[in-house]
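What follows is one structure encoded as structure tokens, with my remarks underneath.
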Amino acid sequence: MHDIPPQASNPCSRSLYSVRSALVTAGPTEEPIDAVRFLGNRSSGRLGLAIAEALADRGVPVTLLLGPIRVPVPADPRVTVLRFRTAAELEALLRRHLPQFDLVVMAAAVADYRPKKLAAGKLRRDAESLTIELEGVPDLLATTRELRKPGARVIGFALEPRERLESSAREKLERKDLTGIVANPLETMDADGIDGTLFLRDGRVRTPGGVIPKPDFARWLAAELTSEYSATAH
Ligand code: CTP
């Protein structure tokens, strides 16, 4: 993967499928507390990276919005990589790029809360306890809804305790106005495998069947999302 100007297209990689371009987000966000500390999460970004690669393998030009991940980013000339650190930076990238894409896969683990103020310099250990006030981060999938390309397929992710996987996923599918949502249990985060289920807006449920390695799941998902039938799921 490489960092080149957004939307540069490769004439040789025109898709044979109905999806002509895909925007994938991956990785965690980091919300700074002071000059050296941040609030983050355990997302490794590996699943999003694998989805970007799997879509590129199917001939779809991909733009990947990639958070501050610790694993190396593979060099793949078919994928344009744009980096973000905070949810605000990801929101700015989404606002700029979302309108151009037929398929959006929002695999990034975006913060729900961030520190209200950035402390100057490095906070000192000069008190018994410290309270950091947090403010809510907007739901980026929902608040950028108006910017989507008409007819775009938009896929979210839901990380949930196993016992309420389906009910929460369906609720998020409606609330965020998505084509589909990949629900997976909490153990998926930072793990090698994933036990994912794709719930589509029209009620269909798709699964590759049990826990499989993330690259295999990514290939399965890319095939599902570029198939004709998923176009009718809005
Ligand atoms: N998401 C988003 N903006 C946020 C938080 C999450 O767009 N501020 C997206 C994620 O990228 C994911 C989907 O929403 O595709 C679901 O994320 P999840 O954390 O499971 O759900 P939340 O809406 O944050 O709800 P909750 O944390 O209460 O489960």
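Numbered per my numbering, the sequence shown spans residues 1 to 234.
Note that the Cβ used here is the ideal one computed from N, Cα and C, for glycine as well.
Predicted model, so just to flag it, every value in this text is computed and none were measured.
Run of the alpha helix (DSSP H) containing residue i, from where it starts to where it stops
{"i": "residue 215", "result": "214-225"}
{"i": "residue 162", "result": "Unbroken run through residue 162: none, as it is neither H nor E."}
{"i": "residue 143", "result": "140-143"}
{"i": "residue 147", "result": "From DSSP, residue 147 is part of no alpha helix (DSSP H); its letter is neither H nor E."}
{"i": "residue 95", "result": "87-97"}
Sequence-distant residues of its chain with Cβ nearer than 8 Å to residue i (five each side left out)
{"i": "residue 145", "result": "176 and 177"}
{"i": "residue 112", "result": "136 and 137"}
{"i": "residue 41", "result": "28, 29, 109, 111 and 189"}
{"i": "residue 10", "result": "Unreliable placement is indicated for residue 10, whose pLDDT of 39 sits below 50; the coordinate value is still reported in the next sentence. Answer for residue 10: 61, 77 and 78, listed in chain order."}
When the options are compared against residue i, the one with the closest alpha-carbon
{"i": "residue 156", "options": "19, 24 and 18", "result": "24"}
{"i": "residue 204", "options": "186, 224 and 148", "result": "224"}
{"i": "residue 187", "options": "196, 134, 147 and 221", "result": "196"}
{"i": "residue 194", "options": "209, 181 and 227", "result": "209"}
{"i": "residue 102", "options": "148, 161, 158 and 220", "result": "148"}
{"i": "residue 165", "options": "151, 181 and 37", "result": "181"}
{"i": "residue 114", "options": "64, 199 and 139", "result": "139"}
{"i": "residue 199", "options": "20, 192 and 184", "result": "184"}
{"i": "residue 131", "options": "161, 143 and 116", "result": "116"}
Run of the beta strand (DSSP E) containing residue i, from where it starts to where it stops
{"i": "residue 56", "result": "Here residue 56 belongs to no beta strand (DSSP E); instead the alpha helix (DSSP H) covers 46-57."}
{"i": "residue 64", "result": "62-66"}
{"i": "residue 103", "result": "103-106"}
{"i": "residue 135", "result": "134-136"}
Own chain, CB closer than 6 Å to residue i, minus 5 neighbours either side, in chain order
{"i": "residue 85", "result": "30 and 68"}
{"i": "residue 32", "result": "38 and 118"}
{"i": "residue 66", "result": "26, 27, 81 and 83"}
{"i": "residue 21", "result": "61, 101 and 102"}
Cβ-based neighbour list, residue i, same chain, cut-off 7 Å, excluding 5 preceding and 5 following
{"i": "residue 4", "result": "Note that residue 4 scores 41 on pLDDT, short of 50, meaning its location in the model is unreliable; the coordinates nonetheless yield the value given after this. If we look at residue 4 and ignore the five residues flanking it on each side, its Cβ neighbours are 80."}
Cβ-Cβ separation, residue j to residue i (assumed contact under 8 Å), whole Å
{"i": "residue 54", "j": "residue 191", "result": "Contact doesn't hold; Cβ gap of about 18 Å is too wide."}
Interface flag, residue i vs chain C, CB-CB below 8 Å
{"i": "residue 62", "result": "Chain labels in this structure do not include chain C; a single protein chain is all it has."}
*Is there contact between the region 98-110 and the region 68-75, where contact requires at least three CB pairs shorter than 8 Å?*
no
*Would you be able to state if there are at least three C-beta pairs under 8 Å between the region 45-57 and the region 85-95?*
no
_Three or more C-beta pairs below 8 Å linking the region 169-180 and the region 111-123_ = no
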